[in-house]
Every structure is written in structure tokens, then in C-alpha cells.
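Quick notes on the structure that follows.
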Amino acid sequence: MKLIREEDTVQVMGYPVFKGDLARVDWSVAKMTVNTINQYSYCIAEEDPGFKTALKESGILLPDGVGITLASRWLNGEKINKIAGADIHQYLLQYLQETGGRCFYMGSSEQVLAKIVERIKKEYPKVRVATYSPPYKTTFSAEENTAIINAINAFSPDVVFVGMTAPKQEKWVAQNQDLIQKGVICSIGAVFDFYAGTVQRPGKVWQNLGLEWLGRFVKEPRRMFRRYFYYGLVFAKYLVAYKTDKKGVQVD
Numbered sequence: 004m005k006l007i008r009e010e011d012t013v014q015v016m017g018y019p020v021f022k023g024d025l026a027r028v029d030w031s032v033a034k035m036t037v038n039t040i041n042q043y044s045y046c047i048a049e050e051d052p053g054f055k056t057a058l059k060e061s062g063i064l065l066p067d068g069v070g071i072t073l074a075s076r077w078l079n080g081e082k083i084n085k086i087a088g089a090d091i092h093q094y095l096l097q098y099l100q101e102t103g104g105r106c107f108y109m110g111s112s113e114q115v116l117a118k119i120v121e122r123i124k125k126e127y128p129k130v131r132v133a134t135y136s137p138p139y140k141t142t143f144s145a146e147e148n149t150a151i152i153n154a155i156n157a158f159s160p161d162v163v164f165v166g167m168t169a170p171k172q173e174k175w176v177a178q179n180q181d182l183i184q185k186g187v188i189c190s191i192g193a194v195f196d197f198y199a200g201t202v203q204r205p206g207k208v209w210q211n212l213g214l215e216w217l218g219r220f221v222k223e224p225r226r227m228f229r230r231y232f233y234y235g236l237v238f239a240k241y242l243v244a245y246k247t248d249k250k251g252v253q254v255d
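Numbering (my numbering), first residue to last: 4 to 255.
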């Protein structure tokens with residue numbers, strides 16, 4: 004469900020990317036989906052119609068990557084600020100702290116979820132939290148999916164954080180959002196591990212320089228090489244093609 008103004012988005016290579024102020028969003032709405040897009044997810048979505056639809060139909064689609072922010076500037080002449088999954092996670096936790104709200108974490112392992120709950124109790128004592136660790140499998144059975152949905156609805160959260168990596172998490176939300184009775188449903192992937200402390204997010208220096216991706220690559224070169232370098236080249240080809248109208252889209 005889209006509940007932001009049209010002027011708060013900019014079209015970046017066919018996707019309605021958020022460029023507004025998070026403080027101006029009405030987070031008390033009955034239900035809304037929040038997803039993020041970066042150069043990697045853009046490339047994957049071009050090959051996965053279900054993922055592409057899930058991103059395009061997001062209530063809010065956040066620019067989580069310098070590839071997207073640079074694309075906006077090059078294609079539209081418009082500067083937008085990067086908002087990573089960790090940023091929206093922190094923002095919403097602070098919002099829930101101020102409103103005495105409830106959040107639900109769906110994804111990851113019981114160990115990671117326990118660390119998240121422990122940290123929230125210390126940093127956001129007014130936030131009530133519940134969790135669910137789903138089976139580690141590509142798809143859930145009908146019974147498993149029903150158990151997840153029932154657990155979420157029984158807690159009646161204001162925010163549901165989903166962390167199962169892209170594109171699984173976004174597609175799961177798109178397929179099940181009508182069954183979730185209320186709340187902002189936010190797909191944030193690796194943020195579960197960042198917040199739990201099981202994986203360290205690159206520091207503020209990397210983030211402020213727009214090089215968070217490089218910080219992650221330095222820490223996990225084997226896993227991140229394909230994501231950042233191979234798909235970086237693929238994204239560049241899409242970007243140039245889009246700019247030169249080879250994909251049938253008039254840009255200038």
C-alpha cells in the first residue's frame with residue numbers, strides 16, 4: 004500500500020525510489036510495506052519478475068546503495084540520500100520507543116533473535132518485541148506459513164521486520180501481506196545480524212564516504228565479490244543502456 008506523496012519519489016530506472024523525509028511519513032498507518040533497492044537487487048529483479056513486482060509495489064522503496072543514488076543524479080539530475088536497511092531499522096525503533104510501540108522480528112536463527120531482543124531491552128526499553136525463527140528452506144509449506152502469520156497477528160505489532168535475504172524476503176512479504184493484519188512490514192535482510200552483533204556493519208567513516216559496500220567487501224571478500232563487482236558491471240551496463248535509450252525508455 005502506497006501512503007506517501009508522489010513528489011516524495013523519483014523514478015530511477017523504472018523504480019519509484021523514495022527521496023523524501025522519513026519524519027514526514029505517517030508510520031501509524033494500518034499497513035504498509037517498506038523495501039530497499041541497490042545495484043545488486045536491481046540486477047536480480049531484472050531477471051526475476053516476482054521480485055521486480057514486489058519492489059515496484061512497495062509502499063516505500065528506499066535507496067540503499069550509492070549505485071542508486073548516483074543513477075538518480077546521472078539520469079535525473081536529482082540528488083537523493085542513501086537510506087540503508089540499518090538506517091530505517093534504527094529510525095523505526097526510535098519511533099516505537101517514542102510511541103510505546105511493538106515490533107516483531109521474523110527471520111534468522113533463535114540465537115540471533117535472542118541477541119536482538121536483549122539489545123532492544125537495553126536501548127529501547129519502551130518497545131515490546133516478539134520474534135519467530137522460520138525453517139531454513141527455500142519455500143515454506145502451507146502449515147509453516149500459517150504458523151508464521153498466526154504468530155505475527157497474535158502479537159499485533161506496529162512494525163514487522165523481515166530478515167531472510169533478498170529476494171526471498173520481499174517476495175514472501177508480497178505474497179503474504181494481505182494475511183498480516185496490521186503494521187509496517189519492513190524487509191531488512193542482513194540488518195538482523197548487524198544489530199545482533201554477529202556480523203559487524205562497516206563503521207561511520209565507510210558509510211559517510213559512500214563506501215559501506217567496500218567495507219563489507221574487505222570483511223567478506225569471497226561472499227561479496229560477485230555481489231559488488233560482477234553485478235556492479237551488470238548494473239553499469241543497465242545504467243548506460245537506460246541513459247542511451249537502448250531499453251526503449253526516453254530519459255532526457
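Glycine is no exception: its CB is placed at the ideal position from the N, C-alpha and C atoms.
For residue j and residue i, the rounded distance between their alpha carbons
i: leucine 73; j: isoleucine 191; result: 22 Å
i: glycine 235; j: asparagine 179; result: 31 Å
i: valine 208; j: tyrosine 198; result: Here valine 208 scores only 49 on pLDDT, less than 50, and its place in the model should not be relied on; the value that follows carries that caveat. Cα to Cα, the separation comes out at about 18 Å.
i: aspartate 11; j: glutamate 146; result: 39 Å
i: tryptophan 20; j: alanine 154; result: As written in the sequence, residue 20 is valine, which differs from the tryptophan given in the question. If you take the alpha carbons of valine 20 and alanine 154, they lie about 31 Å apart.
i: lysine 249; j: threonine 36; result: Reliability of the predicted coordinates at lysine 249 is poor, the pLDDT of 46 falling under 50, and no value is obtained from them.
i: tyrosine 245; j: valine 130; result: 44 Å
i: valine 237; j: valine 115; result: 33 Å
i: alanine 157; j: aspartate 181; result: 15 Å
i: arginine 193; j: leucine 99; result: Inspection of the sequence shows that residue 193 is occupied by alanine rather than by arginine. Taking the straight line from one Cα to the other gives about 21 Å.
i: tyrosine 233; j: glycine 103; result: 44 Å
i: glycine 53; j: tryptophan 175; result: 10 Å
i: phenylalanine 143; j: proline 137; result: 9 Å
Member of the options whose CA lies at the smallest distance from the CA of residue i
i: lysine 140; options: Tyr127, Gln114, Phe54, Met167; result: Met167
i: arginine 3; options: Leu95, Ala87, Ile183, Ile47; result: Since the first and last residues shown for the chain are 4 and 255, residue 3 lies out of range.
i: methionine 16; options: Tyr127, Val37, Asn79; result: Asn79
i: lysine 55; options: Lys240, Thr247, Glu173; result: Glu173
i: glycine 23; options: Asn38, Ile7, Gln42, Ala33; result: Ile7
i: cysteine 189; options: Ala87, Lys129, Val237; result: Ala87
i: alanine 169; options: Gln14, Ile40, Val13; result: Ile40
i: tyrosine 108; options: Ser159, Pro128, Trp77, Pro52; result: Ser159
i: glycine 200; options: Pro137, Thr142, Ala117; result: Ala117
i: alanine 89; options: Gly104, Gly68, Gly103, Trp77; result: Gly68
i: alanine 133; options: Phe143, Asp161, Gln184, Ser144; result: Asp161
With 16 other Cβ atoms within 10 Å as the buried cut-off, status of residue i
i: glutamate 113; result: exposed
i: glycine 110; result: buried
i: lysine 125; result: exposed
i: valine 243; result: exposed
i: threonine 149; result: exposed
i: threonine 247; result: exposed
i: serine 75; result: buried
i: serine 31; result: exposed
i: tyrosine 48; result: For the sequence presented, residue 48 should be read as alanine rather than tyrosine. Alanine 48 is buried by the Cβ-count criterion.
i: valine 254; result: Residue placement at valine 254 cannot be trusted, given a pLDDT of 39 that sits under 50; what the coordinates show is reported in the next sentence. Per the 10 Å Cβ criterion, exposed.
Contact check, residue i vs residue j, beta carbons under 8 Å
i: glutamate 60; j: alanine 177; result: yes
i: proline 66; j: lysine 85; result: yes
i: cysteine 304; j: tyrosine 241; result: As displayed, the chain neither begins before 4 nor continues past 255, which places residue 304 out of reach and without an answer.
i: glutamine 42; j: isoleucine 63; result: no
i: isoleucine 151; j: tyrosine 135; result: yes
i: phenylalanine 195; j: isoleucine 119; result: yes
i: valine 165; j: glycine 186; result: no
i: leucine 25; j: asparagine 38; result: no
Residue i: first and last residue of the uninterrupted alpha helix (DSSP H) it sits in
i: proline 52; result: 52-59
i: arginine 76; result: 69-79
i: isoleucine 119; result: 113-126
i: asparagine 148; result: 145-158
i: proline 91; result: Checking the sequence, you will find isoleucine at residue 91 rather than proline. First-last of the alpha helix (DSSP H) with isoleucine 91: 88-102.
Start and end residues, beta strand (DSSP E) containing residue i
i: glutamine 180; result: Where glutamine 180 is concerned, there is no enclosing beta strand (DSSP E), given that its DSSP letter is neither H nor E.
i: valine 132; result: 131-135
i: lysine 34; result: 34-40
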